[in-house]
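Residue 242 in the UniProt record's numbering is what sits at position 242 of the sequence shown, and the numbering runs on without skipping anything. Don't be surprised by glycine CBs; every beta carbon is placed ideally from N, CA and C.
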Amino acid sequence: MSLIYKYFYYICIFSLLKTFYCKKNNQPNHENFFNNSFNDSLFHMINEHMSNHVKIFCIVLTSKINRERVILQKDTWIKRCNNYIFGSGEEDNEIPTFKAYHNDGYSYSFGKMKNTLKHVWKKYGDKYDWYLKADDDTYVVMENLRAFLLNENPNLHGYHGFRMAAGGENDPHVYNSGGAGYVMSKRSVKELVEKGFDNPKYCRQSDSAFDDVEIGYCLENFRVKPSQSLDYKKRVLFNVLDPPRALSPVVDGFKQGFINMAKFKYGTGMDSVADFPITFHYVRGEMMYALEFFLYHMEVIGKNSRLNRMESNDNDFSKLKISRKLKLIGKFSEYNFKK
């Protein structure tokens, strides 16, 4: 065999082997696809980026008798804050808590909040963009909160939450509910700490008061009012109630009280709560873990977030997408569910 024929022979053999190898390896490996379903690194990288660009310090007011609530929060949402502190009437080195006031009663929450905020501002200054105040039975979806604040300037005044007033719709003194959580820009916090808290021109000089009412009063004297804090459908972002009550169409006396105090049309049922909620209040016991599971671990087959659908519209090539997705669901079912 001549040299030219030998080269031609080997080239043909190589081409055939390459074609066979490529075809074999181009077959979809559904087991690898299934293993990839556990890779959530993109979500974590996006959240790391958001966390670096919207820095939030979380302040939770608590008390000795509610120690178990604090443990639940530490196991769930509060780890997603850039930093946090628990302000209490007693110091607890194990949690740990900061002794914010000599009396642990709920009616002294303004005293606790003032002292905690002063302590945090003195220690960190303007290192953080936003300061969130929550109760020890508040659950916060930090990713949604950062998205809500993403286009806001923390160097300007900002005050967001569930708008309400003790006297209802006609009461001019508006504040954000403390239980639903309220968030203030570093500009607003700076004004409160450096000018407001110790000056009767801006803040009432009493510790025996509710923090949410008094913070609203102080900021009002700085001409800072609560923002609308609703989504594009006027649905609630900062929920003053727990999920069952917030989502139920049933209006009991407790819920009616908040409807009366709300400074906006507070509806009932699932259509009243935003699909990207930020907070829920009265989340106690096992419900804290349930929310953590439903939000971060539970999924629904074939369901995409509205955010994902902005990137890949369901109307684009829908038949092809459906066909591919159904095949993928079939393979996923084969690997995921053991019978």
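Cβ-Cβ separation, residue j to residue i (assumed contact under 8 Å), whole Å
i: residue 156; j: residue 185; result: 6 Å
i: residue 77; j: residue 139; result: 6 Å
i: residue 342; j: residue 173; result: Outside the displayed span of the chain (1 to 339) sits residue 342, for which this structure offers no information.
i: residue 283; j: residue 246; result: Residue 283 to residue 246, Cβ: 11 Å. No contact.
Secondary structure of residue i, DSSP reduced to three states
i: residue 301; result: coil
i: residue 149; result: helix
i: residue 185; result: strand
i: residue 72; result: helix
i: residue 235; result: coil
i: residue 104; result: coil
i: residue 245; result: helix
i: residue 279; result: strand
i: residue 322; result: helix
i: residue 273; result: strand
i: residue 126; result: helix
i: residue 52; result: helix
i: residue 264; result: coil
i: residue 109; result: helix
i: residue 201; result: coil
i: residue 95; result: coil
Residue environment, residue i, which counts as buried when at least 16 other CB atoms sit within 10 Å
i: residue 143; result: buried
i: residue 54; result: buried
i: residue 73; result: buried
i: residue 324; result: exposed
i: residue 313; result: exposed
i: residue 299; result: exposed
i: residue 14; result: Because residue 14 sits at a pLDDT of 45, beneath the cut-off of 50, its placement in the model cannot be relied upon, and the following sentence gives the value as read from the coordinates. Under this definition residue 14 is an exposed residue.
i: residue 214; result: buried
i: residue 224; result: buried
i: residue 112; result: buried
i: residue 226; result: buried
Beta-carbon contacts of residue i that lie in its chain and below 7 Å, excluding the five residues immediately before and after
i: residue 189; result: 117, 121, 131
i: residue 150; result: 54
i: residue 218; result: 192, 196, 202, 203
i: residue 64; result: 88, 89, 90, 104
i: residue 171; result: 165
Cβ neighbours of residue i in the same chain (closer than 6 Å, five flanking residues each side left out)
i: residue 50; result: 146
i: residue 26; result: Because residue 26 sits at a pLDDT of 49, beneath the cut-off of 50, its placement in the model cannot be relied upon, and the following sentence gives the value as read from the coordinates. Answer for residue 26: no residue qualifies.
i: residue 60; result: 86, 134, 136
i: residue 21; result: Its pLDDT being 46, under 50, residue 21 is placed unreliably by the model, and nothing is read from it.
i: residue 57; result: 83, 128, 131
Residues near residue i in its chain [Cβ-Cβ closer than 8 Å; skip 5 each side]
i: residue 23; result: Because residue 23 sits at a pLDDT of 45, beneath the cut-off of 50, its placement in the model cannot be relied upon, and the point is left open.
i: residue 295; result: 141
CB contact below 8 Å: residue i versus chain B
i: residue 72; result: As a matter of chain content, chain B is missing from the structure shown, which is built from one protein chain.
Cβ contact check for the region 194 to 214 and the region 250 to 269: 3 or more pairs under 8 Å: Contact between the region 194 to 214 and the region 250 to 269 is absent: fewer than 3 CB-CB pairs across the two stretches fall below 8 Å.
Three or more C-beta pairs under 8 Å: does that hold for the region 176 to 183 against the region 233 to 245? Using a Cβ-Cβ distance cut-off of 8 Å, the region 176 to 183 and the region 233 to 245 are in contact, since at least three pairs of beta carbons, one from each stretch, lie closer than that value.
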